[in-house]
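Everything in the sequence shown is counted per this note's numbering, starting at 1 for the first residue and increasing by one.
Ideal placement from N, C-alpha and C gives every residue a C-beta, glycine not left out.
Presented below is the structure to which this report refers.
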Amino acid sequence: MNDNNTFSLDAVLSRIQSKARQAAGELKEVNRLLTELQKADHSLSGADLERILNSAFDNAGKYGQTVTDYLSSILEAARMGSKNAEAFAGLSAALQSACGISADLAAKYLLAADGAFAMNGSVGELTRTLDGACKLADRHSLSMAELTEGLAAVSTQAAASGMDIRETTAALATLLTTTRLNGTEAANALSGLLLSLRQAAEETDRTGLNANTFSGFEKACRSLGVSLSEVRNGTLQLKEPMQILKELSEAYHAQDTSGTERAALLDATGFGPFQTEAMDAFLKNYGLYEEMLQDYADGTGTLSKETAKAASTWESSLNRLSNTWTETMGNLISSKDMVSLIDHLNELLTVLDKLAAAAGHLGSLNVLSFLGGGLLGAKNLG
């Protein structure tokens, strides 16, 4: 008997032991996630959970994730109240994979966008939104984490002001590009600006904006020749937010930088320093906002391309390999009951431990024969 052969076989068995234990740990976590998912959505039956698990192995591989990461995305969406958690999980996984953001942030953004802009859970609409956002992040070197954080925070206010998701994304991206604000700060600045433009005299913002502030802001706009309202269908109505900002930007550029009109407009907003800086940056860079609108429109397919890139990395390949091994171990034992499956896998580990001990004194053919018999025996346990 060649000692090298015995040593190699021992190494193989040791490797199998290690991977089997890893699979057992993964399967235990899978069981926990499925249990939590059923708690979050009581309508799910045992058959539903089995279907979700089977599709999770396929979809996780597609996005280069582990099956437990993918199931976590489904659970996160279900806990946040999504009625289409599996579809949301696919988009969340794509967003996480393509842009390197957390499952929590991805779900928060998707649910905020879906709710604020009345997308009714449309995967097509949400995909177009993600395509546009990813295009802007890539084209203008933006942090997707900051962009999605800001979008989740400002979506409700933007929608209430009459903006759509396209305008909101481009406006926020403009602020992130032209200032040093983070996602939350940029969202707060944009929310304050939109609140001012709505002239909601009866409302008060967290920063203390009130009727006098709005009145002063309108006067400052009029001094630049910009009216916040217009007659439509025989009634006086507030102009669309981006129309006002476009007119303000044109008037802003027409003013002498050393004059008082620009400063008067910024002072009249009642903003804090970083919000004033944000408004100044936006009015100076309205052209960039229009450029970003076009980039957003040209973003079709961007998410898919970025996901494909991420899925081709060595880390993604290792995740797929891990999923395949975990799924194979589960199929080997052929149990539909997860707890029973894990118990059987532990029995299989005991068999492998005995094989490893035997490798030191049995011949290669004998050990391989023993291995085949052991696996078949483990398959029929219980």
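Check	Outcome
Rounded to the nearest angstrom, what separates Leu-142 and Leu-176 at their Cα positions?	7 Å
Taking 7 Å as the cut-off, decide whether the C-beta atoms of Ala-85 and Ile-101 are in contact.	no
Spatial neighbours of Ala-153 within its chain, please: CB distance less than 7 Å, with the 5 preceding and 5 following residues excluded, ordered by chain position.	Thr-184, Ala-187
Determine, using beta carbons only, whether Leu-194 and Ser-161 come nearer to each other than 7 Å.	yes
Counting pairs of beta carbons, one from the segment 164–181 and one from the segment 218–236, are three or more of them closer than 8 Å?	no
List the whole-angstrom C-beta distance separating Leu-105 from Ala-145, where the pair is believed to meet the contact cut-off of C-beta under 8 Å.	7 Å
Along the chain, where does the alpha helix (DSSP H) that runs through Ser-73 open and close?	67–79
Between which residues of its own chain and Ala-47 is the CB-CB distance below 6 Å, once the five residues before and five after are set aside?	none
What does the alpha-carbon distance come out to for the pair Leu-33 and Leu-27?	10 Å
Taking its Cβ as the centre, do 16 or more other Cβ atoms sit within 10 Å of Asp-131, making it buried, or is it exposed?	buried
Just checking, does the segment 273–283 make contact with the segment 113–132 on the three C-beta pairs under 8 Å criterion?	no
For Thr-307 and Ala-98, I'd like the C-alpha separation in whole angstroms.	4 Å
Give the DSSP-derived three-state secondary structure of Ser-229 in the structure shown.	strand
Going by the DSSP bridge assignment, what does Leu-236 pair with across the sheet?	Val-231
On a Cα-Cα basis, can you pick out the residue from Leu-197, Ala-278, Pro-273, Ala-254 that is closest to Gln-243?	Leu-197
What separation, rounded to the nearest whole angstrom, lies between the Cα atoms of Phe-274 and Ala-268?	15 Å
Can you tell me whether Lys-39 is helix, strand or coil according to DSSP?	helix
In chain order, what residues of the same chain lie with their CB nearer than 7 Å to the CB of Tyr-286, ignoring the 5 residues before and after it?	Leu-245, Lys-246, Ser-249
What are the boundary residues of the alpha helix (DSSP H) that Ala-85 is part of?	85–99
Taking Gly-299 as the reference, which of Ile-165, Gly-150, Cys-134 has the closest Cα?	Cys-134
Would you check if the distance between the CB atom of Leu-387 and the CB atom of Leu-91 is smaller than 7 Å?	The first residue shown for the chain is 1 and the last is 382, placing residue 387 beyond what the model contains.
Return the residue from the list Glu-261, Gln-255, Leu-190 that minimises the CA-CA distance to Ala-220.	Glu-261
Am I right that Thr-174 and Leu-151 are in contact with their C-beta atoms under 8 Å? What's the rounded C-beta distance?	With 8 Å as the limit, Thr-174 and Leu-151 do not qualify as a contact, their Cβ atoms being about 13 Å apart.
With a threshold of 8 Å on Cβ separation, who are the neighbours of Tyr-252 within its own chain once the five nearest residues in sequence on each side are excluded?	Leu-224, Arg-262, Leu-265, Leu-283, Lys-284
So, helix, strand or coil for Arg-198, using DSSP?	coil
Relative to the C-alpha of Thr-156, which candidate in Ser-122, Arg-139, Gly-192 has its C-alpha closest?	Gly-192
Identify, in the order they occur along the chain, each residue of the same chain with its Cβ nearer than 7 Å to the Cβ of Asp-114, setting aside the five sequence neighbours on each side.	Gly-121, Leu-126
Taking the straight line between their C-alpha atoms, what separation do you get for Thr-302 and Leu-49?	32 Å
Please give the ranges of any beta strand (DSSP E) in the segment 122–199, keeping only runs that are unbroken, at least 3 residues long and fully inside the region.	none
So, helix, strand or coil for Thr-300, using DSSP?	coil
Look at the alpha carbon of Gly-61 and the alpha carbon of Val-67, and state the distance between them as a whole number of angstroms.	8 Å
Do you know how far the Cα of Asp-256 is from the Cα of Ala-118?	43 Å
Note down, in chain order, each residue of its chain lying with its Cβ closer than 6 Å to the Cβ of Phe-88, except the 5 sequence neighbours on either side.	Ala-77, Ser-82, Leu-110
Measure the alpha-carbon distance for Leu-288 versus Gln-237 and round it to whole angstroms.	28 Å
Within 10 angstroms of the Cβ of Ala-112, are there 16 or more other Cβ atoms? Answer buried if so, exposed if not.	buried
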